[in-house]
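A.B. asks: In the UniProt record's numbering, the protein residues as written are 1 to 183.
The structure under discussion is supplied below as structure tokens; questions concerning it will follow.
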């Protein structure tokens, strides 16, 4: 790839745990340089390995993220109902496998109880304040959601409002949302 070739940019994914509900929301924009290539991408998925629902949102390369989602699903099939264990096993593989090390993506995952961010650096992070956000507009969405956590808004309302704020600020994020809820 040449130095002049513009890179793929953007997305915003947020996970919010509040009031017995966990929501993952993601925007639909895919950009190449300064051009919006697609506005309706679906970056939040529901997995159901062994009958246990798990929500996943991803930021980064789509092909890389799907590779990771497939691996996570296999880990969940091997350890049904154990999201933490499956996430740690995926992060270990991601960190040590030479093929996986080249993957450029991040994941937010939840089973309705636990909420984690999984990174290629081998991290499985449980967010403070019950909010996790990744992607180009992640910090905007994170700040907005944290400001609303003490209000009477539901988890979904917090996620939707935070995503709307991020979409107003981040040029690589749009308002076309995919929202999935557990709990």
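Backbone N, C-alpha and C define an ideal beta-carbon position, used for all residues, glycine too.
Between the beta-carbon of residue 172 and the beta-carbon of residue 29, is there less than 8 Å?
C.D. replies: yes
A.B. asks: Ignore the nearest five residues each way along the sequence and tell me which others in residue 124's own chain have a CB closer than 7 Å to its CB.
C.D. replies: 87, 88, 91, 116 and 118
A.B. asks: Look at the alpha carbon of residue 34 and the alpha carbon of residue 10, and state the distance between them as a whole number of angstroms.
C.D. replies: 11 Å
A.B. asks: Taking the CB atoms as reference points, tell me whether residue 39 and residue 106 lie closer together than 8 Å.
C.D. replies: The criterion of a C-beta distance shorter than 8 Å is not satisfied by residue 39 and residue 106.
A.B. asks: Taking all protein chains shown into account, do 16 or more other C-beta atoms lie within 10 angstroms of the C-beta of residue 78, making it buried, or fewer, making it exposed?
C.D. replies: exposed
A.B. asks: Can you confirm whether the region 131–143 touches the region 158–169 when touching is taken to mean that 3 or more C-beta pairs between the two stretches lie within less than 8 Å?
C.D. replies: yes
A.B. asks: Would residue 120 be called buried (16 or more neighbouring beta carbons within 10 Å of its own) or exposed?
C.D. replies: So residue 120 counts as buried.
A.B. asks: Can you tell me whether residue 48 is buried or exposed? The criterion is at least 16 other CB atoms within 10 Å of its CB, across all chains shown.
C.D. replies: exposed
A.B. asks: Can you give me the C-alpha to C-alpha distance between residue 6 and residue 32, rounded to a whole angstrom?
C.D. replies: Residue placement at residue 6 is poorly supported in this model, since its pLDDT is 48, which falls under 50; the coordinates still yield a value, given next. For residue 6 and residue 32, the distance between alpha carbons rounds to 6 Å.
A.B. asks: Have a look at residue 149 and residue 103 and give me their C-alpha separation to the nearest angstrom.
C.D. replies: Their Cα atoms are separated by approximately 33 Å.
A.B. asks: Do residue 159 and residue 44 have their CB atoms nearer than 8 Å?
C.D. replies: no
A.B. asks: Counting only the same chain and skipping the five closest in sequence on each side, list residues whose C-beta sits under 7 Å from that of residue 20.
C.D. replies: Contacts found: 183.
A.B. asks: What whole-angstrom Cβ distance do residue 54 and residue 93 have, given they're in contact under 8 Å?
C.D. replies: The Cβ separation is near 17 Å, so there is no contact.
A.B. asks: Compute the beta-carbon to beta-carbon distance between residue 24 and residue 57, rounded to the nearest angstrom, for a pair I have assumed lies under 8 Å.
C.D. replies: 4 Å
A.B. asks: Rounded to a whole number of angstroms, what is the C-alpha to C-alpha distance between residue 2 and residue 36?
C.D. replies: Only weak support is given to the placement of residue 2: the predicted model assigns it a pLDDT of 41, under 50, and the question is left unresolved by the model.
A.B. asks: Among the residues of its own chain, which have a CB less than 8 Å from the CB of residue 101, if the five just before and after it don't count?
C.D. replies: 94, 95 and 120
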